[in-house]
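Each remark here refers to the structure printed beneath this line.
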């Protein structure tokens with residue numbers, strides 16, 4: 503019988519940025535699980551990982567990337583070898599949506615006027631700014647275009663920094679502001695995706711989505727193979743843990759949800775192609791019937807918009823869904839509202855994460 507593996511997320515008191523990425527460079531990744539999982543003032547959420555083939559690859563990729571981080575830090579003296587990044591989307595309220603639009607417009611202003619951003623061409627047309635007063639004016643085409651520009655600029659920044667020198671503070675500022683564009687787009691999209699009309703926002707259901715990832719040596723890249731898409735689905739229990747998308751851009755499912763046919767025609771859709779040992783969870787369940795209904799809407803959209811003229815949707819990489827990694831075993835949350843009440847209201851900040859294998863003391867897999 504194979505060993506069981508567990509993914510732990512440690513929450514503590516602290517600030518959470520809901521309009522940008524939360525980045526931590528804390529030197530915790532080499533500590534023992536006993537230290538990480540038993541710190542005073544924290545709460546730990548634990549998921550048991552399943553034994554699907556891609557989940558096993560996920561665990562191996564995690565090991566390899568942590569080893570690479572340790573080597574970079576200990577041998578090469580790279581003090582910036584590791585960053586933990588969490589992107590968090592809370593529920594919808596009128597005030598939060600309008601506040602996010604103000605933040606979007608301010609971010610556009612900053613990037614359009616920053617000397618290095620201007621030099622590199624990281625501009626966003628003024629007409630793409632969002633309406634900060636009328637909640638009903640969702641401007642979905644503008645959101646689609648903003649996301650497309652985010653993709654282009656972020657990809658360029660990643661390539662540019664590999665071959666050119668840039669002040670660390672400047673790189674961090676540009677990366678963070680571009681990432682804010684991305685998060686703010688997705689948050690505003692939820693107003694259209696989760697509600698029949700913005701007028702229903704007062705009765706919007708609770709929501710709390712987390713994408714938890716870490717950056718390290720790029721030489722540890724893992725590509726997804728055709729067989730890795732076999733178990734992609736959205737079917738999951740309330741406590742489901744999913745493999746994070748881990749790819750800059752929109753996959754075809756996201757294009758359909760935002761009716762972004764222009765991205766498809768420009769052949770800029772981005773199916774998940776890389777295995778990063780990153781996770782996401784939202785405390786929502788999806789039944790088989792809901793998934794089948796969702797897929798019917800998706801395939802109808804693809805047919806109506808002649809997506810097959812641009813892509814071969816029979817390729818495994820276009821399989822809709824996400825890989826399901828496991829299920830929460832530490833708590834029995836009834837949904838995102840219950841998770842917020844029990845965990846976030848007391849300890850909102852993600853402080854640590856780690857994977858352990860079964861054993862008396864949750865021995866570290868490393």
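Numbering (my numbering), first residue to last: 503 to 868.
Glycine residues also receive a C-beta, built at the ideal position from the N, C-alpha and C atoms.
| Item | Value |
| --- | --- |
| Do residue 458 and residue 613 have their C-beta atoms within less than 9 Å of each other? | For the chain, the structure presents residues 503 to 868; residue 458 sits outside this window and is missing. |
| Checking the sheet assignment: what are the DSSP bridge partners for residue 828? | 551 and 743 |
| Tell me the start and end of each unbroken beta strand (DSSP E) in the segment 670-734 that is at least 3 residues and wholly inside, in chain order. | 710-717 |
| Taking the beta carbon of residue 503 as the centre, do at least 16 other beta carbons fall within 10 Å, making it buried, or is it exposed? | Note on residue 503: pLDDT 41, under 50, position unreliable in the model; the coordinate value appears next. Residue 503 is exposed by the Cβ-count criterion. |
| Could you tell me the distance, in whole angstroms, from the CA atom of residue 706 to the CA atom of residue 591? | 14 Å |
| So if DSSP puts residue 782 in a beta bridge, which residue, or which two residues, is it bridged to? | 713 and 744 |
| Which of the three DSSP states is assigned to residue 768 in this structure? | coil |
| Relative to the alpha-carbon of residue 711, which residue among 773, 665 and 742 has its alpha-carbon at the smallest distance? | 742 |
| Can you tell me where the beta strand (DSSP E) with residue 590 in it begins and where it stops? | 585-592 |
| Note down, in chain order, each residue of its chain lying with its Cβ closer than 6 Å to the Cβ of residue 839, except the 5 sequence neighbours on either side. | 708 |
| Grab me the residues of residue 517's own chain with a C-beta within less than 7 Å of its C-beta, minus the 5 sequence neighbours each way, in chain order. | 851 |
| Measure the alpha-carbon distance for residue 844 versus residue 740 and round it to whole angstroms. | 15 Å |
| Taking residue 794 as the reference, give the member of 546, 822 and 813 with the closest Cα. | 822 |
| In whole angstroms, what separates the C-alpha of residue 513 from that of residue 828? | 19 Å |
| Measuring only the C-alpha atoms, how far is residue 527 from residue 627? | 34 Å |
| Buried or exposed: where does residue 543 fall if 16 or more other Cβ atoms within 10 Å of its Cβ makes it buried? | exposed |
| Can you check whether the CB of residue 789 is closer than 9 Å to the CB of residue 747? | no |
| Does any CB atom of chain C fall closer than 9 Å to the CB of residue 774? | The chain labelled as chain C is not found in the depicted structure, where only one protein chain is given. |
| Count the CB pairs spanning the segment 802-811 and the segment 758-768 that are closer than 8 Å, and state whether there are at least three. | yes |
| Using alpha carbons as the reference points, say which of 567, 515 and 667 lies closest to residue 857. | 567 |
| Residue 733 and residue 825: beta carbons closer than 9 Å? | yes |
| By the 10 Å Cβ neighbour count, where 16 or more other Cβ atoms means buried, how is residue 699 classified, buried or exposed? | exposed |
| By DSSP's criteria, residue 635 is part of a beta bridge. Which residues make up the other side? | Beta-bridge pairing links residue 635 to no other residue. |
| Threshold first: 4 residues or longer. Then list the alpha helix (DSSP H) segments lying entirely within the segment 796-857, N to C. | 838-841 |
| Kindly indicate the opening and closing residues of the alpha helix (DSSP H) around residue 616. | Counting along the chain, residue 616 falls outside any alpha helix (DSSP H), and DSSP gives it neither H nor E. |
| What did DSSP end up calling residue 641 once you bin it into helix, strand or coil? | coil |
| Around the C-beta of residue 588, are 16 or more other C-beta atoms found within 10 angstroms, so that it is buried, or is it exposed? | buried |
| Out of 672, 540 and 677, which one is the CA nearest neighbour of residue 854? | 540 |
| I'd like the span of the beta strand (DSSP E) that includes residue 524, first residue to last. | 524-526 |
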